[in-house]
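Presented below is the structure to which this report refers.
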């Protein structure tokens with residue numbers, strides 16, 4: 002069918018002729034075309050294009066401004082976050098310092114208490130030692146006295162009259178040996 | 022565009038009738054100043070451009086309305102194209118390129134309204150557009166670069182023996198530009214519209230079976246929408262490419 006159409010169209014076009022090649026209408030078309038082009042050119046170049054250009058420039062400017070503002074706000078947010086972090090860090094340091102000071106103070110009190118307790122313990126044990134020494138010395142003297150008395154009595158009972166001084170000397174030598 | 026062919030008996034298709042230039046207010050003679058359907062549809066294009074680009078942006082909102090978004094889309098699209106293709110120097114030609122693009126694009130689109138008249142399917146129109154670009158590029162190039170503009174025909178990177186031949190080829194291709202530039206646009210639109218008309222003619226005589234040509238018309242119409250946009254784009258980007266020769270750095 003396509004070829005049929007083609008030949009039919011061709012034949013018709015040939016018999017009618019192409020209106021495009023009708024030279025008598027050319028001046029008319031060219032004249033009105035030039036008028037149209039001049040009108041369109043004036044409308045576009047005087048009114049439409051400057052207006053659209055201005056709108057586009059305004060929009061581009063606005064977008065740029067908004068982006069700049071957004072950037073500034075972002076910077077501010079970052080700064081605020083930094084300030085917050087700094088404050089937090091400072092507070093932590095402060096707290097750590099306070100804790101350390103408290104620990105030192107407590108340690109000092111503790112040391113003092115320990116020293117005091119040690120001194121008391123030392124005093125008490127010294128006292129106790131002294132009393133033990135006294136008791137031991139008392140016991141030794143008592144033993145010597147008993148031995149002397151017993152020796153004097155034994156001598157007397159055996160029939161000899163013992164010289165008290167000689168008995169004491171002999172006893173002292175025995176006790177030392 | 023597709024409604025007037027209800028042939029009674031026999032296949033009568035006049036696919037080219039839609040391109041006939043007629044006076045708006047009767048009469049047969051067409052003088053250069055006669056208001057014709059060309060005038061009418063160009064006026065509609067101007068109106069559409071005004072509504073889109075002027076009324077649509079009248080609120081100048083930073084958050085655009087739908088129409089303003091479309092206007093800004095066109096602006097950004099063509100502005101970037103001019104800046105990328107012709108370089109920074111070419112930006113001062115942006116209103117001119119924008120004019121061409123808006124006219125070609127809207128004429129192409131308006132031409133797809135059934136029973137409308139497609140101004141850009143006429144070689145008189147597209148050739149004038151292309152010649153305007155051609156002369157603009159040539160004059161701007163000669164004014165800005167002086168004789169240096171002619172250096173683009175002298176391919177300095179080629180071997181010396183080849184350069185005269187290449188210069189000839191470059192020269193011919195330079196002068197063929199307006200021809201290819203205009204016929205590409207006009208031919209594409211004319212062909213598409215003529216094909217739709219032929220299928221419409223079939224639909225008029227085929228009875229129930231005309232579902233087939235109507236379906237074909239729907240498909241071709243979609244294709245033509247694409248062609249209308251793409252050809253406007255191609256015409257504009259070629260304009261930018263030619264402008265680069267005049268304002269940009271050395272050719273290649």
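Protein chains in written order, with my numbering: chain A, 2 to 178; chain B, 22 to 273.
By construction, the Cβ of each residue, glycine as well, lies at the ideal position given by its N, Cα and C atoms.
On a predicted model such as this, the values are computed, not experimentally measured, just so you know.
Looking at the secondary structure, which residues open and close the alpha helix (DSSP H) in which residue 122 of chain B lies?
Within the second chain, the letter at position 101 stands for residue 122 of chain B. Where residue 122 of chain B is concerned, the enclosing alpha helix (DSSP H) stretches over 115-131.
Exposure of residue 155 of chain B, with buried meaning 16 or more beta-carbon neighbours within 10 Å:
As a first step, residue 155 of chain B is located in the second chain; it is residue number 134 there, counting from the start. Residue 155 of chain B should be labelled buried.
Reducing DSSP to helix, strand and coil, say where residue 55 of chain B ends up.
Position 34 of the second chain, counted from the start, is the residue given in the question as residue 55 of chain B. Of the three classes helix, strand and coil, the one that applies to residue 55 of chain B here is coil, per DSSP.
So what does DSSP say about residue 234 of chain B, is it helix, strand or coil?
Counting from 1 along the second chain, the entry for residue 234 of chain B is found at position 213. Here residue 234 of chain B sits in helix by DSSP.
Just tell me which of A:53, A:31, A:152 and A:171 has its CA closest to the CA of residue 98 of chain B.
Numbered from its first residue, the second chain carries residue 98 of chain B at position 77. It is A:53 whose Cα lies nearest to the Cα of residue 98 of chain B.
Between residue 146 of chain B and chain D, is the shortest Cβ-Cβ distance under 8 angstroms, so that the two count as touching?
Of the protein chains in the structure, A and B, none is chain D.
Those runs of the beta strand (DSSP E) which lie wholly inside the segment 176-250 of chain B and span at least 3 residues
none
Per-residue contacts from residue 67 of chain B into chain A (C-beta, under 7 angstroms):
As a position in the second chain, residue 67 of chain B is number 46, starting the count at 1. Neighbours of residue 67 of chain B on chain A, chain order: 37, 40 and 41.
Report the option in B:91, B:128 and B:96 whose CA atom is closest to the CA atom of residue 46 of chain A.
The residue given as residue 46 of chain A occupies position 45 in the first chain. Cα-wise, what sits closest to residue 46 of chain A is B:96.
Euclidean distance between Cα positions of residue 42 of chain A and residue 225 of chain B:
Within the first chain, numbered from 1, the residue matching residue 42 of chain A stands at position 41. Within the second chain, numbered from 1, the residue matching residue 225 of chain B stands at position 204. Between residue 42 of chain A and residue 225 of chain B, the C-alpha separation is close to 42 angstroms.
Below-8 angstroms beta-carbon distance, residue 53 of chain B vs any chain A residue:
Mapped onto the second chain, residue 53 of chain B falls at position 32. Residue 53 of chain B counts as touching chain A.
Is there a Cβ of chain A sitting closer than 8 angstroms to that of residue 179 of chain B, yes or no?
Start at 1 with the first residue of the second chain, and residue 179 of chain B comes out as number 158. No, its Cβ sits nowhere closer than 8 angstroms to a Cβ of chain A.
List the residues of chain B whose Cβ lies closer than 8 angstroms to the Cβ of residue 66 of chain A, in chain order.
Indexing the first chain from 1 puts residue 66 of chain A at position 65. Under the 8 angstroms cutoff, chain B gives no residues; its nearest Cβ is about 12 angstroms from residue 66 of chain A.
Between which residues of its own chain and residue 148 of chain B is the CB-CB distance below 6 angstroms, once the five residues before and five after are set aside?
Against the second chain, residue 148 of chain B aligns to sequence position 127. Excluding residues within five positions, the ones whose Cβ falls inside 6 angstroms are 203.
Residues near residue 63 of chain B by beta carbon distance below 7 angstroms, same chain, minus five either side
For the purposes of this step, residue 63 of chain B is taken as residue 42 along the second chain, with counting starting at 1. Excluding sequence neighbours, residue 63 of chain B sits near 140.
Residue 172 of chain A, enclosing alpha helix (DSSP H) - first and last residue
As a first step, residue 172 of chain A must be located in the first chain, where it is residue number 171. Here the alpha helix (DSSP H) through residue 172 of chain A covers 165-177.
Contact set for residue 15 of chain A: own chain, Cβ-Cβ below 7 angstroms, skip 5 residues either direction
Start at 1 with the first residue of the first chain, and residue 15 of chain A comes out as number 14. Confidence is the limiting factor: at residue 15 of chain A the pLDDT is only 41, short of 50, which leaves the residue's position unreliable, though a coordinate-based value still follows. Contacts found: none.
Buried versus exposed, by CB contacts within 10 Å (16 or more), residue 89 of chain B
Counting from one through the second chain, the residue named residue 89 of chain B turns up at place 68. Flag for residue 89 of chain B reads buried.
Chain A within 8 angstroms of residue 136 of chain B, Cβ atoms only
To locate residue 136 of chain B, count along the second chain from 1; it is residue 115. Closer than 8 angstroms: no.
Can you find a C-beta in chain B that's less than 8 angstroms from the C-beta of residue 56 of chain A?
Along the first chain, one-based indexing puts residue 56 of chain A at 55. For residue 56 of chain A, the answer is yes, since a Cβ of chain B falls inside 8 angstroms of its Cβ.
Does the count of Cβ pairs from the segment 205-218 of chain B and the segment 129-144 of chain B closer than 8 angstroms reach three?
yes
Within the same chain, show all residues whose beta-carbon is closer than 7 angstroms to that of residue 73 of chain B, passing over the 5 residues directly before and after it, in chain order.
Looking up residue 73 of chain B in the second chain gives position 52. Excluding residues within five positions, the ones whose Cβ falls inside 7 angstroms are 88, 91 and 92.
When you compare the CB positions of residue 145 of chain A and residue 172 of chain A, do they come within less than 8 angstroms of one another, or not?
Counting from one through the first chain, the residue named residue 145 of chain A turns up at place 144. Counting from one through the first chain, the residue named residue 172 of chain A turns up at place 171. In this structure, residue 172 of chain A lies closer than 8 angstroms to residue 145 of chain A by Cβ.
Could you spell out the range, first to last residue, of the alpha helix (DSSP H) harbouring residue 94 of chain A?
Your numbering for residue 94 of chain A matches position 93 in the first chain. It spans 50-159 - the alpha helix (DSSP H) in which residue 94 of chain A sits, taken as one unbroken run.
Please state whether DSSP places residue 44 of chain B in a helix, a strand or coil.
Looking up residue 44 of chain B in the second chain gives position 23. DSSP places residue 44 of chain B in strand when its eight states are reduced to three.
In angstroms with no decimal places, state the Cα-to-Cα distance between residue 217 of chain B and residue 264 of chain B.
For the purposes of this step, residue 217 of chain B is identified with residue 196 of the second chain, where counting begins at 1. For the purposes of this step, residue 264 of chain B is identified with residue 243 of the second chain, where counting begins at 1. Going by the C-alpha atoms only, they are around 35 angstroms apart.
Hey, would you say residue 202 of chain A sits closer than 8 angstroms to residue 78 of chain B, going by beta carbons?
Any answer about residue 202 of chain A is impossible in this case: the structure gives chain A only from 2 up to 178.
Chain B within 8 angstroms of residue 49 of chain A, Cβ atoms only
Position 48 of the first chain, counted from the start, is the residue given in the question as residue 49 of chain A. Cβ-Cβ to chain B under 8 angstroms: yes for residue 49 of chain A.
Measure the alpha-carbon distance for residue 11 of chain A versus residue 25 of chain A and round it to whole angstroms.
Here residue 11 of chain A refers to the residue found at position 10 when the first chain is read from its first residue. Here residue 25 of chain A refers to the residue found at position 24 when the first chain is read from its first residue. Caution is warranted here: a pLDDT of 42 is assigned to residue 11 of chain A, below 50, making its placement in the model unreliable, and the coordinate value is therefore given only provisionally. If you take the alpha carbons of residue 11 of chain A and residue 25 of chain A, they lie about 23 angstroms apart.
Short check: CB of residue 199 of chain B to CB of residue 151 of chain B, under 8 angstroms?
Taking the second chain and counting its residues from 1, the one referred to as residue 199 of chain B is at position 178. Taking the second chain and counting its residues from 1, the one referred to as residue 151 of chain B is at position 130. Yes, Cβ-Cβ distance for residue 199 of chain B and residue 151 of chain B is below 8 angstroms.
Would you say residue 60 of chain A reaches chain B, if we count a Cβ-Cβ gap shorter than 8 angstroms as a contact?
Taking the first chain and counting its residues from 1, one reaches residue 60 of chain A at position 59. Yes, because at least one Cβ of chain B sits closer than 8 angstroms to the Cβ of residue 60 of chain A.
For residue 109 of chain B, which three-state DSSP category applies?
Counting from 1 along the second chain, the entry for residue 109 of chain B is found at position 88. Residue 109 of chain B falls in the helix class under three-state DSSP.
Quick check: the segment 179-186 of chain B against the segment 118-126 of chain B, are there 3 or more CB pairs under 8 angstroms?
no
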